[in-house]
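Position in the sequence shown counted from 1, then plus 39, gives you this note's numbering. Ideal placement from N, C-alpha and C gives every residue a C-beta, glycine not left out. A quick note: this is a predicted structure, and the numbers were derived from the prediction, not measured. Encoded as structure tokens, the structure appears first; notes follow it.
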Amino acid sequence: MPAHMPDVASSAKAAVSGTLDWVGMSEIEMPLTVVADNDTPRQVSARVEAFVNLPKAHAKGIHMSRLYLALDKLSLEQPLSLQSVKGLLEEFIRSHDDLSDRAHVRFQFDYHLRRPALLSGNEGWRNYPIALTGRLEQGKLELELEVEVAYSSTCPCSAALARQLIQEAFEHHFHGEEQVDSEVVRRWLGTTAGVVATPHSQRSLAQVKVRLSEQLDALPIVSLVDAIEDALKTPVQAAVKREDEQEFARLNGQNLMFVEDAARRLKFALEEQPELLDFWLRVNHLESLHAHDAVAVATKGLEDGYQPR
Numbered sequence: 040m041p042a043h044m045p046d047v048a049s050s051a052k053a054a055v056s057g058t059l060d061w062v063g064m065s066e067i068e069m070p071l072t073v074v075a076d077n078d079t080p081r082q083v084s085a086r087v088e089a090f091v092n093l094p095k096a097h098a099k100g101i102h103m104s105r106l107y108l109a110l111d112k113l114s115l116e117q118p119l120s121l122q123s124v125k126g127l128l129e130e131f132i133r134s135h136d137d138l139s140d141r142a143h144v145r146f147q148f149d150y151h152l153r154r155p156a157l158l159s160g161n162e163g164w165r166n167y168p169i170a171l172t173g174r175l176e177q178g179k180l181e182l183e184l185e186v187e188v189a190y191s192s193t194c195p196c197s198a199a200l201a202r203q204l205i206q207e208a209f210e211h212h213f214h215g216e217e218q219v220d221s222e223v224v225r226r227w228l229g230t231t232a233g234v235v236a237t238p239h240s241q242r243s244l245a246q247v248k249v250r251l252s253e254q255l256d257a258l259p260i261v262s263l264v265d266a267i268e269d270a271l272k273t274p275v276q277a278a279v280k281r282e283d284e285q286e287f288a289r290l291n292g293q294n295l296m297f298v299e300d301a302a303r304r305l306k307f308a309l310e311e312q313p314e315l316l317d318f319w320l321r322v323n324h325l326e327s328l329h330a331h332d333a334v335a336v337a338t339k340g341l342e343d344g345y346q347p348r
């Protein structure tokens with residue numbers, strides 16, 4: 040190895056001067072150990088972006104290898120937690136103390152949870168896309184957790200129209216009969232002639248972003264997913280036997296939702312979580328009737344918090 044190797048980033052000046060908001064790397068592939076709530080620590084395969092700012096107009100560039108090596112050390116020696124993210128951001132700035140005073144990191148990974156079937160007693164894996172973002176500026180730490188949850192939504196308007204058609208079919212089939220035997224009606228309702236229409240439902244997505252207090256010990260992934268699924272009542276299922284599918288149909292029928300209903304349910308549920316400093320949510324009903332999607336967005340409404348856009 041040569042006795043002295045040139046370091047252009049440190050020794051050269053930029054040909055065109057100017058400050059830069061962020062410089063760094065994205066799509067860094069890295070295994071991480073994640074500790075969420077009281078769940079067992081588990082390994083995930085993450086993609087990471089790491090940035091620092093470059094406020095010195097004449098500086099040629101940052102030291103990207105220092106960002107990577109700090110991430111690599113975290114991957115090997117520490118679980119991903121709110122405290123380890125804070126320490127990582129502090130190291131980003133410390134390793135660039137002559138260049139940068141702000142740092143940003145974002146981790147994206149899939150988190151799998153064992154979820155019970157509705158009735159059968161079986162279990163299966165459900166996957167939840169997660170993103171954890173940290174930003175440190177002038178000693179102030181911002182932490183954001185994002186999660187996406189899939190669920191089923193059944194249209195209230197479609198349900199009302201289907202009920203009307205069933206009523207009309209009943210009137211037509213039993214027209215002129217003053218009394219109808221309940222067993223005859225029960226058998227008739229079990230035929231395709233009895234249930235002539237069903238409401239439309241569709242797979243839907245809830246996207247939620249929350250700001251976290253740095254006082255939290257672990258990432259509240261499980262508790263956030265539970266709060267979302269409990270509010271919506273109809274999360275998509277993993278292991279499904281016939282009794283589970285029937286119960287899922289019942290839950291859909293008892294939880295009819297326009298996109299506005301789903302957004303309001305989620306907003307109420309998130310407002311009940313005092314450890315969440317702020318939140319933003321977007322619900323997407325991937326329409327089965329229309330070629331477009333129905334969307335609703337809501338925020339906590341803080342003056343200096345998340346904006347609806």
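Please state the DSSP three-state secondary structure of residue i.
i: Pro168; result: strand
i: Arg348; result: coil
i: Gln285; result: helix
i: Glu181; result: strand
i: Glu187; result: strand
i: Gly292; result: helix
i: Gly163; result: strand
i: Lys280; result: coil
i: Lys248; result: strand
i: Gly173; result: strand
i: Gln218; result: coil
i: Gln122; result: helix
Along the beta strand (DSSP E) that carries residue i, what are the first and last residues, could you check?
i: Asp149; result: 141-155
i: His324; result: 315-324
i: Leu71; result: 59-73
i: Gln203; result: Not the beta strand (DSSP E): Gln203 falls in the alpha helix (DSSP H), residues 195-212.
i: Ala337; result: 333-338
What residue range does the alpha helix (DSSP H) around residue i cover?
i: Asp300; result: 298-310
i: Ser262; result: 260-271
Can we count residue i as close to the ligand GDP, meaning its CB is less than 7 Å from some heavy atom?
i: Arg133; result: Inclusion of the ligand GDP in the displayed structure is not the case, the ligand content being empty and no account of it being possible.
I think residue i touches residue j, with their Cβ atoms under 8 Å apart; what is that distance to the nearest whole Å?
i: Tyr167; j: Leu157; result: Not quite, the Cβ-Cβ distance comes to about 18 Å (not below 8 Å), so this is no contact.
i: Val83; j: Ser120; result: Not confirmed; about 13 Å, so no contact.
i: Ile127; j: Leu93; result: At residue 127 the sequence reads Leu, which differs from the Ile that was named. No, Leu127 and Leu93 are not in contact; Cβ-Cβ is about 19 Å, not under 8 Å.
i: Thr338; j: Phe318; result: 7 Å
i: His135; j: Arg105; result: 7 Å
Any contact between the region 178-188 and the region 222-236? By contact I mean 3 or more CB pairs, one from each, below 8 Å.
no
With a cut-off of 8 Å, do at least 3 Cβ pairs link the region 97-116 to the region 230-238?
no
Run through the region 81-120 for me and flag every whole beta strand (DSSP E) of 3 or more residues, listed as ranges in chain order.
81-93
If you pair each beta-carbon of the region 196-215 with each one of the region 166-182, do three or more pairs fall below 8 Å?
no
Any contact of the region 306-322 with the region 248-257, i.e. 3+ C-beta pairs under 8 Å?
yes
Pairs of beta-carbons, one from the region 123-135 and one from the region 81-95, closer than 8 Å: are there three or more?
yes
If you pair each beta-carbon of the region 293-307 with each one of the region 262-278, do three or more pairs fall below 8 Å?
yes
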